Amino acid sequence: MNVEQVAEMLTAQDRRVSVAEADTCGLLGYLFSTVPGSSRWFPGGVIAYTGGLKQSVLGVPDEVYKNKGSVSPEVAISMATGARDLTSTDYALSVTGVAGPTGGRPGIPIGTFYIGIAGPDGLEEAERIETGSTERDANKRAAAQAAIDLLGKYLSSG
Numbered sequence: 001m002n003v004e005q006v007a008e009m010l011t012a013q014d015r016r017v018s019v020a021e022a023d024t025c026g027l028l029g030y031l032f033s034t035v036p037g038s039s040r041w042f043p044g045g046v047i048a049y050t051g052g053l054k055q056s057v058l059g060v061p062d063e064v065y066k067n068k069g070s071v072s073p074e075v076a077i078s079m080a081t082g083a084r085d086l087t088s089t090d091y092a093l094s095v096t097g098v099a100g101p102t103g104g105r106p107g108i109p110i111g112t113f114y115i116g117i118a119g120p121d122g123l124e125e126a127e128r129i130e131t132g133s134t135e136r137d138a139n140k141r142a143a144a145q146a147a148i149d150l151l152g153k154y155l156s157s158g
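Encoded structure:
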């Protein structure tokens, strides 16, 4: 799904979305801002590249960060709920992962991301994606696109 389609659905449903980004470092927010009029449905978000900001700004509990690790569904969900609550939006998306070309580890290879979503009616979930690439920019772009697709899936069904 492309960002323009998501924008149309957000506008038609009178919904707003915010973001919490780690490894994509603002790419997802940038993609949203490429749509003219995006300020109606995208107020912004948080780039929390390091753990400290995930906890202090987004409210990721220390025990979740320490016990589950920064690249986990629990952290992705907590980042998304934190962004949603901070910005008072209907939806929030989060991205946390290993962009590469280094940093992979057993069970979490380079190109692994968790995309979190928090939304209405208690929606809080995360999807794992694996890009299969070690190329940093390609991984970031794939993760941002996965977040757009995830939001589009929920907007289409609601």
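The C-terminal residue of the sequence shown carries number 158 in the working numbering, and the numbering is unbroken. Beta carbons: idealized from backbone N, C-alpha and C, even for Gly. Given the structure is predicted, the values throughout are model-derived calculations rather than measurements.
For I148, the three-state secondary structure derived from DSSP is helix. Under the 10 Å beta carbon count, Q13 is surrounded by fewer than 16 other beta carbons and is classified as exposed. The beta strand (DSSP E) runs of length 3 or more contained entirely in the region 11-56 are, from start to end of the chain, 17-21 and 44-47. Per DSSP, the continuous alpha helix (DSSP H) segment holding S78 begins and ends at P73 to T87.
The Cβ atoms of A20 and M79 lie closer than 8 Å to each other.
Inter-residue distance for V6 and D90 is about 14 Å (C-alpha atoms, whole angstroms). Assignment of beta-bridge partners to E125 by DSSP yields I117.
Straight-line spacing of the CA atoms in G111 and A138 works out to 9 Å.
Rounded to the nearest whole angstrom, the CA to CA distance from V98 to A76 is 13 Å.
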